[in-house]
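Down below is the structure, laid out as structure tokens.
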Amino acid sequence: MFRRTVERISFVIGGALLGAIGLYEYEKLGPKLPAPLPTLKPPLTSIVPEFPWTGWRDTAINDLFERDAYITSYNRRLRHPNWVLEHLTEESLKRGEGVDRSKSRFLEDLDIPEKFRARLADYVKSGYDRGHMAPASDAKFSQVAMDQTFLLTNIAPQVGNGFNRDYWAHFEEFCRRLIYKEGFENVYVFTGPAYLPKKENDKWYVKYEMIGSIAVPTHFYKVILADRADKDDPKKRFYALGAFLMPNERISDTTPLQVYNVTLDSLERTTGLTFLNQDIVDKSVPLCSVEASKCIIVANPKHIKEELRSVLPEPLKDKSETKVNI
Numbered sequence: 085m086f087r088r089t090v091e092r093i094s095f096v097i098g099g100a101l102l103g104a105i106g107l108y109e110y111e112k113l114g115p116k117l118p119a120p121l122p123t124l125k126p127p128l129t130s131i132v133p134e135f136p137w138t139g140w141r142d143t144a145i146n147d148l149f150e151r152d153a154y155i156t157s158y159n160r161r162l163r164h165p166n167w168v169l170e171h172l173t174e175e176s177l178k179r180g181e182g183v184d185r186s187k188s189r190f191l192e193d194l195d196i197p198e199k200f201r202a203r204l205a206d207y208v209k210s211g212y213d214r215g216h217m218a219p220a221s222d223a224k225f226s227q228v229a230m231d232q233t234f235l236l237t238n239i240a241p242q243v244g245n246g247f248n249r250d251y252w253a254h255f256e257e258f259c260r261r262l263i264y265k266e267g268f269e270n271v272y273v274f275t276g277p278a279y280l281p282k283k284e285n286d287k288w289y290v291k292y293e294m295i296g297s298i299a300v301p302t303h304f305y306k307v308i309l310a311d312r313a314d315k316d317d318p319k320k321r322f323y324a325l326g327a328f329l330m331p332n333e334r335i336s337d338t339t340p341l342q343v344y345n346v347t348l349d350s351l352e353r354t355t356g357l358t359f360l361n362q363d364i365v366d367k368s369v370p371l372c373s374v375e376a377s378k379c380i381i382v383a384n385p386k387h388i389k390e391e392l393r394s395v396l397p398e399p400l401k402d403k404s405e406t407k408v409n410i
């Protein structure tokens with residue numbers, strides 16, 4: 085399924101992400117250079133290219149994987165994704181026969197070398213949820229696709245009550261609603277973690293908690309590109325673009341999504357990633373300005389009232405902390 089996605093988005097995705105996806109596809113499908121270096125099995129976990137004229141290959145810190153419902157770039161140092169890309173359509177959001185979330189289990193990803201894997205044990209009694217970057221609810225078309233969303237290469241530590249189980253979940257539903265409520269034909273979603281600095285004693289620091297060997301992001305982002313046929317000219321495409329950055333903390337359901345709406349340029353500067361080519365950015369209107377969406381978060385009625393929610397348990401006291409002067 086995702087092969088079609090790669091082909092469909094090749095004209096809109098730019099910079100590092102296009103290079104990573106393009107290299108993945110080339111290594112898998114394209115012609116080989118004469119006398120190539122031996123490749124790892126499974127073929128290509130690194131997004132770093134080979135240099136056959138030197139016989140040298142850079143040490144990888146990132147791994148790129150194509151799953152049935154998403155593509156993920158995994159960071160070996162931080163032990164969570166750099167980014168995850170999804171392509172949502174009306175067809176992809178349909179539930180397949182017999183697909184059941186209760187059959188899925190969180191799993192360590194055996195495609196990652198053992199010493200670089202995120203571990204299930206790191207999350208035990210950590211005070212954090214195993215937060216999906218590509219939601220399980222976006223992969224209901226097959227049990228295999230849903231199971232793949234539970235691999236730890238698609239997971240990052242998130243605050244539970246008030247965020248992963250609430251506001252963030254409503255945000256994920258907002259993305260799906262663009263398809264089945266607002267009439268968009270394609271919705272491309274980049275999701276990932278971010279680390280923002282804070283000022284202390286007139287100096288700026290990036291601080292983040294560690295749970296075992298896994299870094300806890302200070303923030304999470306989504307970049308959403310939605311398209312459909314232009315109502316005035318069906319031969320043309322209408323694009324709507326939104327970038328959002330929110331703290332990894334408890335957020336009230338009454339908080340407008342626009343509070344976390346940022347410019348794509350500022351998000352790219354923050355994350356060090358280039359998400360989209362400038363030509364598609366120039367063609368797009370702000371997502372929150374589209375009459376159909378208005379960037380309204382709708383809380384799921386099955387969630388209990390805000391004032392009755394339990395407070396997130398205190399993090400463990402013995403966790404290590406990384407402090408970087410920037």
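Here the numbering used here = 1-based position in the sequence shown + 84. Every residue, glycine too, gets a C-beta built ideally from N, C-alpha and C. As the structure is a computational prediction, the values presented were derived from the model and not from experiment.
Residue environment analysis places E170 among the buried positions, since at least 16 neighbouring C-beta atoms fall within 10 angstroms of its C-beta.
CA-to-CA, the gap between E333 and K319 works out to about 43 Å. The way I'd put it, the stretch 188 to 204 doesn't touch the stretch 303 to 314; fewer than three beta-carbon pairs between them come closer than 8 Å. Counting C-beta pairs with one atom in each stretch, the stretch 224 to 242 and the stretch 180 to 198 have three or more that are closer than 8 Å, which means they touch. By the CB criterion at 8 Å, D311 and E269 fall inside the cutoff.
As far as DSSP is concerned, L194 takes part in no beta bridge. In the DSSP secondary-structure assignment, H164 is bridged to N159. A distance below 7 Å between beta-carbons, with the five flanking residues on each side excluded, links F247 to the following residues of its chain, in chain order: N332, E333, R334 and I335. Per DSSP, L280 lies in no beta strand (DSSP E) and is assigned neither H nor E. Of the residues G276, L371 and E284, the one whose Cα lies closest to the Cα of P241 is G276. The bridge partners DSSP lists for H254 come to none. Annotated three-state conformation of K209 is coil, per DSSP. In the displayed model, V243 falls within coil according to three-state DSSP, outside both helix and strand.
When the alpha-carbon of A383 is set against those of Y264, W252 and V374, the nearest one is in W252. Close CB contacts of F274 within its chain, under the 6 Å cut and outside five residues either way in sequence, are with W167, L169, V307 and F359 (chain order).
Nearest to D222 by alpha-carbon distance, out of G180, D250, L236 and D195, is G180. In summary, G326 is buried, with 16 or more beta-carbon neighbours lying within 10 Å of its beta-carbon over all protein chains present.
In the structure shown, the three-state DSSP call for A313 is strand. Pairing F322 with Y272, the inter-Cα distance amounts to about 14 Å. Shown here for I155: same chain residues with a beta carbon closer than 6 Å to its own, the five before and five after excluded, namely L169 in chain order. Shown here for N238: same chain residues with a beta carbon closer than 8 Å to its own, the five before and five after excluded, namely R151, Y154, T156, P165, V168, H216, M217, A218 and Q232 in chain order. A straight-line Cα-Cα distance of about 20 Å links E192 and G244. Assigned with DSSP and collapsed to three states, D147 falls in strand.
In this structure, L329 places its C-beta atom within 8 Å of the C-beta atom of Y344. The continuous stretches of beta strand (DSSP E) do not include A202, and DSSP gives it neither H nor E.
Straight-line spacing of the CA atoms in R160 and P197 works out to 9 Å.
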